[in-house]
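Student: First the structure, which I've put down as structure tokens, then a few questions once you've had a look.
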Amino acid sequence: MRIAVLRELAPGETRVAATPETVKKFIGLGAEVAVETGAGEQASIADADYAAAGASVASRADVLKGAGIILAIQGPDPQGLSGFADGAWLAAGLNPFGERARVDEYAKLGLEALAMEFMPRITRAQSMDILSSQANLAGYKAVLMAANAYGRAFPMMMTAAGTVSAAKTFIMGVGVAGLQAIATARRLGAQVSATDVRSATKEQILSLGAKPIFVESVAGIEGEGAGGYATEMSDEYKAAQAELVSSHIAKQDIVITTALIPGRPAPRLISDAQLATMRAGSVIVDMAAESGGNVEGSVSGETRRIHGVTVIGAQNIAALMPADTSALFSRNLFNFLSAFWDKEQGRPVLDEEIGNAVRLTQGGKVVNERLLG
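Numbering (full-length UniProt numbering), first residue to last: 1 to 373.
Here you go:
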């Protein structure tokens with residue numbers, strides 16, 4: 001089985017889908033690994049490092065020749081794919097809802113496209129979950145971005161010239177990214193509060209030493225929600241949440257928003273009117289900017305000044321830490337493929353539960369129910 005590792009061509013993408021560590025592991029399974037020239041350069045991995053791990057390093061055309069599995073971070077342009085084996089697998093973050101036309105092209109090429117972001121939230125798939133691994137580091141980095149843009153200190157400081165108050169930091173959305181953001185803000189010495197629509201997160205917020213801010217008058221989501229993710233809330237809940245946020249956000253210095261709903265635009269959490277109540281110099285990092293934004297006026301990839309508030313429309317935060325995020329992403333891919341590796345066939349064979357969840361295309365057709373509904 002030949003595994004091809006592609007160099008990322010998307011603007012701003014610095015990660016790579018395999019590292020020398022995972023190359024060695026794939027070779028240990030009996031696979032042949034070919035890495036496109038320069039694939040790891042922006043993640044501080046030289047071609048020589050891949051060669052030392054046992055991979056061949058060559059042009060894209062040569063790497064793809066006869067490949068049965070293609071690994072990437074983002075879905076590659078179908079026009080640049082040729083020469084792979086019939087029915088080859090493409091495993092990457094494929095953005096199926098946002099790039100549906102590209103998925104159709106993969107089907108026409110005869111690829112079996114596997115969307116790693118569709119990995120089910122089940123115990124045995126935790127080590128394969130790219131969303132969690134990347135969100136963890138993104139939540140950490142989002143707080144550092146806010147700290148860098150904030151014109152004041154994060155921790156309380158007592159000096160001979162007077163006391164500097166701790167930054168008040170509010171985390172909206174307590175998934176993997178939100179929990180890491182809470183932990184990071186706490187480590188930096190901020191006074192941290194957080195909110196979520198899922199009632200189960202209240203205990204998690206408290207366990208990290210932050211203050212939970214929850215709507216009590218209207219029921220939210222009991223437990224963890226569908227698949228561990230939040231879902232669309234009632235209009236009554238949204239109104240109560242907006243009122244709660246309005247009273248709380250005016251007192252905050254830093255806000256990190258992380259709320260996403262799979263397959264839907266990001267929910268609007270902060271309005272222009274609420275922004276106007278924050279004091280000048282406050283900072284918001286909108287981690288959902290690429291999906292439409294949690295903050296009114298935020299633009300993906302831009303930092304804007306709105307009512308004196310710095311609003312950072314975060315874009316591909318994971319790519320800002322390519323060495324570590326590549327290491328985690330590549331392990332997710334290895335854990336996924338190795339879990340199903342059939343030694344007799346010399347290739348992975350997916351089971352029904354995970355296979356049906358992540359498989360987008362097969363036999364020249366789009367087969368995933370989430371795209372056909």
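Positions of the beta carbon are idealized from the N, C-alpha and C atoms, including for glycine.
Going by beta carbon distance, what residues of the same chain come within less than 7 Å of V349, once the five residues before and after it are set aside?
Tutor: Position 349 of the sequence shown, counting from 1, holds the residue named residue 349. Excluding sequence neighbours, V349 sits near F340 and D342.
Student: Measuring only the C-alpha atoms, how far is Q191 from Q180?
Tutor: Position 191 of the sequence shown, counted from the first residue, corresponds to residue 191. Position 180 of the sequence shown, counted from the first residue, corresponds to residue 180. So the alpha carbons of these two residues sit roughly 15 Å apart.
Student: Work out the CA separation of Y50 and V33 for me, nearest whole Å.
Tutor: For this step, residue 33 is matched to residue 33 along the sequence shown. For this step, residue 50 is matched to residue 50 along the sequence shown. Approximately 9 Å between the Cα atoms of the pair.
Student: Buried or exposed for A61, going by 16 or more other Cβ atoms inside 10 Å?
Tutor: Taking the sequence shown and counting its residues from 1, the one referred to as residue 61 is at position 61. Its Cβ having fewer than 16 others within 10 Å, A61 is exposed.
Student: Is it the case that the Cβ atoms of V245 and L188 are separated by a distance below 8 Å?
Tutor: Here residue 245 refers to the residue found at position 245 of the sequence shown. Here residue 188 refers to the residue found at position 188 of the sequence shown. The answer is no: Cβ separation not under 8 Å.
Student: Just to confirm my understanding: we take S271, look at its own chain, exclude 5 residues before and 5 after, and list those with CB closer than 8 Å. What are they?
Tutor: For the purposes of this step, residue 271 is identified with residue 271 of the sequence shown, where counting begins at 1. So the list reads A242 and E296, once near-sequence residues are dropped.
Student: Who pairs with V164 in a beta bridge, going by DSSP?
Tutor: Here residue 164 is taken as the residue at index 164 of the sequence shown, counted from 1. According to DSSP, which records beta bridges pairwise, V164 is partnered with M157.
Student: Between which two residues does the beta strand (DSSP E) containing T195 stretch?
Tutor: Taking the sequence shown and counting its residues from 1, the one referred to as residue 195 is at position 195. Its beta strand (DSSP E) spans residues Q191 to T195.
Student: Can you give me the Cβ contacts of L6 inside the same chain, cut-off strictly under 6 Å, excluding the 5 residues immediately before and after it?
Tutor: Taking the first residue of the sequence shown as 1, we reach residue 6 at position 6. Correct list, in chain order: E36, A72 and P76.
Student: Assuming A357 contacts F97 (C-beta within less than 8 Å), just tell me the rounded distance between them.
Tutor: The sequence position of residue 357 within the sequence shown is 357, counting from 1. The sequence position of residue 97 within the sequence shown is 97, counting from 1. Going by Cβ atoms, the distance from A357 to F97 rounds to 15 Å, so no, they are not a contact pair.
Student: To the nearest angstrom, how far is the alpha carbon of A250 from that of T277?
Tutor: Here residue 250 refers to the residue found at position 250 of the sequence shown. Here residue 277 refers to the residue found at position 277 of the sequence shown. So the two alpha carbons sit approximately 5 Å from each other.
Student: Kindly list the residues whose CB is nearer than 7 Å to the CB of Q362, restricted to its own chain and excluding five residues on each side of it in sequence; keep chain order.
Tutor: Locating residue 362 in the sequence shown gives position 362, where the first residue counts as 1. So the list reads E112, once near-sequence residues are dropped.
Student: Roughly how many whole angstroms lie between the Cα atoms of E352 and Q274?
Tutor: If you number the sequence shown from 1, residue 352 lands on position 352. If you number the sequence shown from 1, residue 274 lands on position 274. Cα-Cα distance, rounded: 47 Å.
Student: According to DSSP, is V285 part of a helix, a strand, or is it coil?
Tutor: As a working mapping, residue 285 is identified with position 285 in the sequence shown. Of the three classes helix, strand and coil, the one that applies to V285 here is strand, per DSSP.
Student: Rounded to whole angstroms, what is the Cα-Cα separation between P212 and M156?
Tutor: One-based indexing of the sequence shown puts residue 212 at position 212. One-based indexing of the sequence shown puts residue 156 at position 156. Distance between the alpha carbons of P212 and M156: 21 Å.
Student: Quick one, which of A323, P322 and I354 has its alpha-carbon nearest L337's?
Tutor: Mapped onto the sequence shown, residue 337 falls at position 337. Nearest of A323, P322 and I354 to L337, Cα basis: I354.
Student: Would you kindly work out how many angstroms separate the C-alpha atoms of V23 and Q79, rounded to a whole number?
Tutor: Taking the sequence shown and counting its residues from 1, the one referred to as residue 23 is at position 23. Taking the sequence shown and counting its residues from 1, the one referred to as residue 79 is at position 79. Cα to Cα, the separation comes out at about 26 Å.
Student: For the alpha helix (DSSP H) that T22 lies in, which residues bound it at each end?
Tutor: In the sequence shown, residue 22 corresponds to position 22, counting from 1. That run of the alpha helix (DSSP H) goes P20 to G28.
Student: Closer than 6 Å by C-beta to V285: which residues in its own chain qualify, once you throw out the five before and the five after it? Chain order, please.
Tutor: One-based indexing of the sequence shown puts residue 285 at position 285. Here the set comprises A142, M145, A146, I256, I312 and A314.
Student: At what residue ranges does the region 14-85 contain a whole run of the beta strand (DSSP E), taking only runs of 3 or more?
Tutor: As far as the region 14-85 is concerned, its whole beta strand (DSSP E) runs of at least 3 residues are 32-36, 56-58 and 69-74.
Student: Out of A280, I254, G281 and E290, which one is the CA nearest neighbour of R268?
Tutor: Against the sequence shown, residue 268 aligns to sequence position 268. R268 has its Cα closest to that of E290, out of A280, I254, G281 and E290.
Student: By a C-beta neighbour count over all protein chains shown, 10 Å radius and 16 as the cutoff for buried, is N148 buried or exposed?
Tutor: What you label residue 148 is simply residue 148 of the sequence shown in a count that begins at 1. Exposed, since its Cβ has fewer than 16 Cβ neighbours within 10 Å.
Student: According to DSSP, is I270 part of a helix, a strand, or is it coil?
Tutor: For the purposes of this step, residue 270 is taken as the residue at position 270 of the sequence shown. Three-state DSSP puts I270 in a strand.
Student: State the Cα-Cα distance for the pair G364 and A107, rounded to the nearest angstrom.
Tutor: As a working mapping, residue 364 is identified with position 364 in the sequence shown. As a working mapping, residue 107 is identified with position 107 in the sequence shown. Using only the alpha carbons, I get a separation of about 4 Å.
Student: CB-CB under 7 Å to S44, same chain, minus the five flanking residues each way: which ones, in chain order?
Tutor: On the sequence shown, position 44 is the one that residue 44 refers to. Here the set comprises A323.
Student: Taking the DSSP output, what are the residues bridged to A91?
Tutor: In the sequence shown, counting from the first residue as 1, residue 91 sits at position 91. Paired residue(s): L71 and L114.
Student: So what does T310 bridge to, in DSSP terms?
Tutor: Against the sequence shown, residue 310 aligns to sequence position 310. DSSP lists V283 and R305 as partners of T310.
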